[in-house]
Amino acid sequence: GGRKTSERDLCFTGASAGIGAACAVEFAKEGCKLILAARRKEKLVEVQQQIAAQVPGVSVQPLELDVRDRQKVFDAIATLDPVDILINNAGLVIGLDTIATVTPTAIDTMLDTNVKGLLNVTQAVLPSMQHRNAGHIINVSSISGRETYPGGGVYCASKHAVDALTRTLRMELVDSGINVTSIDPGLVETEFSIVRFAGDRNKAEAVYKGMQPLTPTDIAETVVFAASRPPHVQIASVLILPSAQA
Ligand code: NDP
Numbered sequence: 021g022g023r024k025t026s027e028r029d030l031c032f033t034g035a036s037a038g039i040g041a042a043c044a045v046e047f048a049k050e051g052c053k054l055i056l057a058a059r060r061k062e063k064l065v066e067v068q069q070q071i072a073a074q075v076p077g078v079s080v081q082p083l084e085l086d087v088r089d090r091q092k093v094f095d096a097i098a099t100l101d102p103v104d105i106l107i108n109n110a111g112l113v114i115g116l117d118t119i120a121t122v123t124p125t126a127i128d129t130m131l132d133t134n135v136k137g138l139l140n141v142t143q144a145v146l147p148s149m150q151h152r153n154a155g156h157i158i159n160v161s162s163i164s165g166r167e168t169y170p171g172g173g174v175y176c177a178s179k180h181a182v183d184a185l186t187r188t189l190r191m192e193l194v195d196s197g198i199n200v201t202s203i204d205p206g207l208v209e210t211e212f213s214i215v216r217f218a219g220d221r222n223k224a225e226a227v228y229k230g231m232q233p234l235t236p237t238d239i240a241e242t243v244v245f246a247a248s249r250p251p252h253v254q255i256a257s258v259l260i261l262p263s264a265q266a
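Residue numbers for the sequence shown follow UniProt numbering, beginning at 21 and rising by one.
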């Protein structure tokens with residue numbers, strides 16, 4: 021990682037909303053060149069416009085991409101300049117169903133996106149980092165990668181898998197010039213926290229009642245911190261929680 025943060029090329033997955041969109045804004049302020057990937061192109065263009073208004077002159081390339089589509093991921097990455105920092109943030113939770121009741125579609129969607137999607141993008145980007153002996157891979161996992169709770173079985177399994185992949189990758193890349201970081205947030209107020217109750221705001225609010233959640237910007241600032249250390253400093257993992265979440 022010889023280059024300063026301000027000269028680096030970044031690729032984000034899940035950049036169209038929530039934590040990923042907030043990261044895009046914060047890294048734009050650092051002067052990075054950004055590739056913003058997600059499925060909803062129109063949302064990516066909105067983020068691009070927001071950045072153009074706040075931080076004029078920064079290069080932002082929207083990239084319509086479903087991380088589950090392995091071939092398209094490899095084809096898309098092959099068209100890009102080498103990526104200095106990869107942020108694997110695309111992820112989702114569907115429902116809060118017990119293991120007895122969770123649907124096959126929910127199981128597939130969570131595991132395909134959170135685990136296999138992350139692997140697809142990582143495998144597509146890694147060779148160019150290894151070629152240059154430089155880079156940084158930052159995985160957005162979750163407190164759900166460290167703990168479990170009733171109704172969270174499959175999501176927690178997916179994030180525990182992310183944790184296993186992150187730690188394995190860090191060992192495989194030891195002293196390679198490529199750093200590996202896990203960012204593990206607790207409750208963050210994003211689209212996701214509504215989506216997890218299928219749009220039922222009352223239900224969502226009941227669970228989070230009395231707790232001030234983190235904002236996507238709180239997470240983005242932490243990601244920027246991890247990405248802007250000197251190359252010999254590897255922030256291995258950061259557990260970041262709202263003060264009211266034990
Ligand atoms: P949002 O739902 O707000 O954003 C999720 C992002 O992921 C969107 O940009 C979405 O874009 C993208 N995404 C989803 N599926 C795919 C796919 N198949 N291919 C490409 N992009 C995809 O959620 P958050 O910002 O909250 O979540 C971001 C990450 O943070 C996730 O990994 C989540 O697990 C993690 N997290 C969130 C917490 C929270 O409380 N909110 C707590 C801890 C961790 P699009 O739909 O356009 O594809």
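Even glycine gets a Cβ: it sits at the ideal position worked out from N, Cα and C.
The structure displayed is predicted, hence computed values, not measured ones.
- If only uninterrupted beta strand (DSSP E) runs of at least 3 residues are considered, those enclosed by the stretch 93-153 are 105-108.
- Contact check between the stretch 169-183 and the stretch 134-144: three or more CB pairs, one atom from each, fall below 8 Å, which counts as touching.
- Take the alpha-carbon of Pro236 and the one of Gly172: they are about 22 Å apart.
- Between the beta-carbon of Thr33 and that of Asn109 there is about 6 Å, and that keeps the pair under the 8 Å contact cut.
- In the same chain as Val243, and ignoring 5 residues on each side of it, the C-beta atoms closer than 7 Å to its own belong to Cys43, Ile107, Ile158, Ile203, in chain order.
- Assigned with DSSP and collapsed to three states, Glu50 falls in coil, not helix or strand.
- Taking the Cβ of Leu85 as the reference point, at least one heavy atom of the ligand NDP falls within a distance shorter than 7 Å.
- Cβ neighbours of Thr210 within its own chain (closer than 8 Å, five residues either side excluded): Ala37, Gly38, Ile39, Pro236.
- Taking one beta carbon from each stretch, the stretch 116-124 and the stretch 57-69 have fewer than 3 pairs nearer than 8 Å; the two do not touch.
- Taken through DSSP and simplified to helix, strand or coil, Asp195 comes out as coil.
- Close CB contacts of Val122 within its chain, under the 8 Å cut and outside five residues either way in sequence, are with Gly115, Gly173, Val174 (chain order).
- For Leu85, the three-state secondary structure derived from DSSP is coil.
- Straight-line spacing of the CA atoms in Gly51 and Ala72 works out to 12 Å.
- In this structure, the C-beta of Gly172 stays at least 7 Å away from each heavy atom of the ligand NDP.
- According to the DSSP secondary-structure assignment, Asp238 is paired through a beta bridge with no residue.
- If you look at Val65, you'll find it isn't in any beta strand (DSSP E); it sits in the alpha helix (DSSP H) that goes 61-74.
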